[in-house]
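Asker: My numbering runs 186 ahead of the 1-based position in the sequence shown.
All C-beta atoms, glycine included, are put in the ideal place defined by N, C-alpha and C.
A quick note: this is a predicted structure, and the numbers were derived from the prediction, not measured.
Here it is, the structure, as structure tokens.
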Amino acid sequence: MVAASVSLGMLILAGAAVGGFVLVKKSQDAPAPSTVATPAPAPSGNTLPVGNGVVVPVGSSNAGWSAQQALEAERAREEAWRRADKISGLERDLATAHNEIKRLTDQLNVIDGQPVDPTFLASVADREWATCRNSGAWLTQAARCNNGNMEPRIRAAVTSEWGARTEAQKRPLLTRLSELNSQQLSLIANLRDLGVIKQPVAVRTT
187 MVAASVSLGM
197 LILAGAAVGG
207 FVLVKKSQDA
217 PAPSTVATPA
227 PAPSGNTLPV
237 GNGVVVPVGS
247 SNAGWSAQQA
257 LEAERAREEA
267 WRRADKISGL
277 ERDLATAHNE
287 IKRLTDQLNV
297 IDGQPVDPTF
307 LASVADREWA
317 TCRNSGAWLT
327 QAARCNNGNM
337 EPRIRAAVTS
347 EWGARTEAQK
357 RPLLTRLSEL
367 NSQQLSLIAN
377 LRDLGVIKQP
387 VAVRTT
């Protein structure tokens, strides 16, 4: 009876050992559980080109920003550039006009200040003396053509003719000055419309 019990116990232990070996073997031979890679989320901060080199950030991290706002900002920048460029051009044209006005005014002052040419004075005097001598009888020439009578006559002729000569020299300058005055007033008005105040320079009319 004792021998039978021992044999039964041995069988049970042997069976347990074999079963454990089989379980361990299956566990080693079984493939490792596979893992499925989860795709990474798309990076935030994607951009959207909206034209003229403007790129708008989109995505949840940039809520509140829109393509319309970006375009409006770009339009505002372009408008500011155009305004600054227009002002620069108008100011450049005005400076050019003012420089020419000054140059022509200086020329007028030179003409006004130039003395009567001695050659011109002598020519007028000779002509007036000859006219006087040939204007009447020889017997009355001395009474008509003397220094007392001739000096005022010569002076009047010189003043008139020299004045006409200088006016002829000044006429094209005055015409150009009139054009420049109209130009400067137009440029100043255009600058005023853009918020820039400029003062005109004085322009001679005579």
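Could you pull out every residue in the same chain whose Cβ sits closer than 8 Å to the Cβ of Q300, ignoring the five residues on either side in sequence?
Answerer: Setting aside the 5 residues that flank it on each side, Q300 is surrounded in the same chain by T352, each with a C-beta closer than 8 Å to its C-beta; the list follows chain order.
Asker: Taking the alpha-carbon positions, what's the Q293 to I383 distance?
Answerer: 29 Å
Asker: Identify which residue in E365, K272 and S346 has its Cα closest to the Cα of R378.
Answerer: K272
Asker: Is it buried or exposed, L290, if we count other Cβ atoms within 10 angstroms and call 16 or more buried?
Answerer: buried
Asker: Return the Cβ separation of R330 and S321 in integer angstroms, given the expectation that the two are a contact with Cβ distance under 8 Å.
Answerer: 7 Å
Asker: Between the alpha carbons of Q355 and R319, how many angstroms are there, rounded?
Answerer: Distance from the CA atom of Q355 to the CA atom of R319, rounded to whole angstroms, is 33 Å.
Asker: Taking 8 Å as the limit between beta carbons, can you name the residues of its chain near H284, skipping five residues before and five after?
Answerer: Q370 and V387
Asker: Below 7 Å CB to CB, which residues in the same chain sit around A343 once its five sequence neighbours on both sides are set aside?
Answerer: V310 and E314
Asker: Let me know the secondary structure DSSP gives Q300 once reduced to three states.
Answerer: coil
Asker: Under three-state DSSP, which class holds G322?
Answerer: coil
Asker: For T317 and L325, what's the separation of their Cα atoms in angstroms?
Answerer: 16 Å
Asker: Skipping 5 residues on each side, what residues in its chain have a beta carbon closer than 6 Å to that of N367?
Answerer: V389
Asker: Quick one: residues in its chain with C-beta nearer than 8 Å to the C-beta of S364, no 5 flanking neighbours on either side, listed in chain order?
Answerer: V389 and T391
Asker: Starting from L377 and walking both ways along the alpha helix (DSSP H), at which residues does that stretch end?
Answerer: In the DSSP annotation of this structure, the continuous segment of the alpha helix (DSSP H) that includes L377 starts and ends at N333 to D379.
Asker: L280 and L380 look like a contact to me (Cβ under 8 Å); what is the Cβ gap, rounded to whole Å?
Answerer: Wrong, their Cβ atoms sit about 12 Å apart, outside the cutoff.
Asker: Starting from the Cα of P358, find the closest Cα among A262, G275, V302 and I297 and give me that residue.
Answerer: Out of A262, G275, V302 and I297, I297 has the C-alpha closest to the C-alpha of P358.
Asker: What residue from R278, P338, W348 and R268 has the CA that sits closest to V302's CA?
Answerer: W348
Asker: Just to confirm my understanding: we take R339, look at its own chain, exclude 5 residues before and 5 after, and list those with CB closer than 7 Å. What are they?
Answerer: E314
Asker: Along the alpha helix (DSSP H) that carries Q327, what are the first and last residues, could you check?
Answerer: Segment Q327 to R330, the alpha helix (DSSP H) holding Q327.
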